Amino acid sequence: MGANPTSILVTGGAGYIGSVAVERLLRRGERVVVLDNLSRGYADAVPAGAVFIQGDIADRDLLRTLFREHAIQAVVHFAALALVGESVAAPELYYRNNVIGSLTLIEEARAAGLERFVFSSTCAVYGDRNPVPLTEMAATGPINPYGETKLAVERALEWLRRAHGFTYFALRYFNVCGATAERGERHEPETHLIPHVLMAAAGESDAVPVLGDDYPTPDGTCIRDYIHVEDLAEAHILALDAPPEASGPYNVATGRGYSVREVIGAARRITGRPIREKICPRRPGDPPHLVADPKKIQETLGWRPQHDLDSVLRSAWAFKLRQAARQIPK
Ligand SMILES: NC(=O)c1ccc[n+]([C@@H]2O[C@H](COP(=O)([O-])OP(=O)(O)OC[C@H]3O[C@@H](n4cnc5c(N)ncnc54)[C@H](O)[C@@H]3O)[C@@H](O)[C@H]2O)c1
């Protein structure tokens, strides 16, 4: 794909994961067009080498022009609303943005003759009664509208594959974290653990909220599978190169779980700061143990994570210190 005049469309490329994936695509010599409505992203997060178009994935006229003028050859679709609590409070917003928006994008991509679509899915598509580690065969059964909207798009993509031979890769991310030198998590509001841990380390909050310490796990706190955003970006590159027969859903995870307390302990060691915990009530719908079996992506796409929890925390802490020193925007 490297040396031709076609481009890759990255939706949501002004967001956390999308902007890191754009960095990676540019590094391998791709031309990249970013489409983002900036509802949750930041124009200054879009890497300089990409063409940035501010607009919505549901804007058909814009999509038609964009597919025509930029000779788009594949779509990597990150754009979505992704806050579980917000999706419970306003499900209609999530269905419109994530389902109708994605369907519009898929239809226009097909109309433009595209045959490859990489979709940001999530472990939230799984039901909460599966044994861990989760394989892609585990029962789906989202417990919130956010997960439902992602599963709806996955299902549409699978039916399009059967009907039209449309090649798609639905990458089911587990807990994404870490940063590059320039880009990291800037969610507002921030709901993810590692940014909260580092906010406490930086003195921006008094303590890390620990949402329940009475789960049936060794230290009572929830266990999650943490994946570095750079390893995740690499999974997208592999999906762009994979043969059409490999089309389908993939867990993107390490297979190794860490409890909330283990993450906080590692962050104390890496930052050298005392990080206080504040025990809070459980959050409804949080399973005690969420870890994936990454065998399918390892064997089919050849994906191997290069980072561990320490390197996640080191990179995210370096990003935070640069933000605090105002070397990069907050
Ligand atoms: N962060 C995680 O841990 C995680 C885990 C699983 C899945 N995901 C998925 O990964 C993707 C990226 O997540 P993120 O953490 O980078 O989120 P983010 O909010 O930082 O980025 C999403 C981007 O999409 C843009 N966007 C939203 N709706 C749009 C629309 N209708 N048209 C154009 N742009 C639109 C936003 O402005 C934002 O820049 C999402 O699809 C999310 O569901 C994230």
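Sequence positions in the sequence shown follow the working numbering and run 46 to 375. Where is the CB? At the ideal position from N, CA and C, for every residue including glycine. What you are looking at is a predicted structure, and each value in this text was computed from that prediction instead of being measured.
With contacts defined by Cβ atoms closer than 8 Å, GLY192 and PHE123 do not form a contacting pair. The beta carbon of LEU196 sits closer than 7 Å to those of VAL170, THR185, PRO187, all from its chain and outside the five residues before and after it, given in chain order.
Residues ALA278, HIS281 of the same chain have their beta carbon placed closer than 6 Å to that of ALA66, with the five preceding and five following residues left out of the count.
Going by C-alpha positions, GLU199 is about 21 Å away from GLN343. DSSP places PHE123 outside both helix and strand once states are collapsed to three, so it counts as coil. When distances are taken from the beta-carbon of ARG328 to the heavy atoms of ligand 1, even the shortest one reaches 7 Å or more. Taking a C-beta distance under 8 Å as the contact criterion, GLY60 and ARG85 qualify as a contact pair. Going by beta carbons, PHE112 and ALA183 fall outside the 8 Å limit. Taken from the Cβ of ARG269, every heavy atom of ligand 1 lies 7 Å or farther away.
Rounded to the nearest angstrom, the gap between the Cα atoms of ALA245 and ARG207 is 49 Å.
Counting C-beta atoms within 10 angstroms of its own C-beta, HIS209 has fewer than 16 neighbours from the protein chains shown and is therefore classed as exposed. With a minimum length of 3 residues, the unbroken runs of beta strand (DSSP E) contained wholly in the region 143-209 fall at 161-167. Its chain contains CYS222, ALA361 as the residues whose beta carbon lies nearer than 6 Å to that of ILE239, once the 5 sequence neighbours on both sides are disregarded; these appear in chain order. In the structure shown, the three-state DSSP call for GLY347 is coil. For the 8 Å CB-CB criterion, ALA311 and LEU354 form a contact.
DSSP places ILE320 outside any alpha helix (DSSP H), giving it a letter other than H or E.
Under the three-pair Cβ rule at 8 Å, the region 268-276 counts as touching the region 301-311. By the neighbour-count criterion, in which 16 or more other beta carbons inside 10 Å mark a residue as buried, ILE324 falls on the exposed side.
For a cut-off of 8 Å, the C-beta gap from VAL79 to PHE97 is around 5 Å, short enough to register as a contact. Membership of VAL274 in the alpha helix (DSSP H) is indicated by the continuous run 274-286. Ranked by how close their Cα comes to the Cα of HIS352, the residues ALA369, SER165, ALA298, TRP204 have ALA298 in first place. By the Cβ neighbour-count rule, LYS375 is exposed, with fewer than 16 other Cβ atoms within 10 Å of its own. TRP348 and PRO92 have their C-alpha atoms spaced approximately 24 Å apart.
Under the three-state reduction of DSSP, ASP331 is assigned to coil, being neither helix nor strand. Looking only at ARG359, HIS334, VAL357, the smallest Cα-Cα distance to LEU179 is reached by HIS334.
For TYR271, the pairing in a beta bridge is given by DSSP as ASN220.
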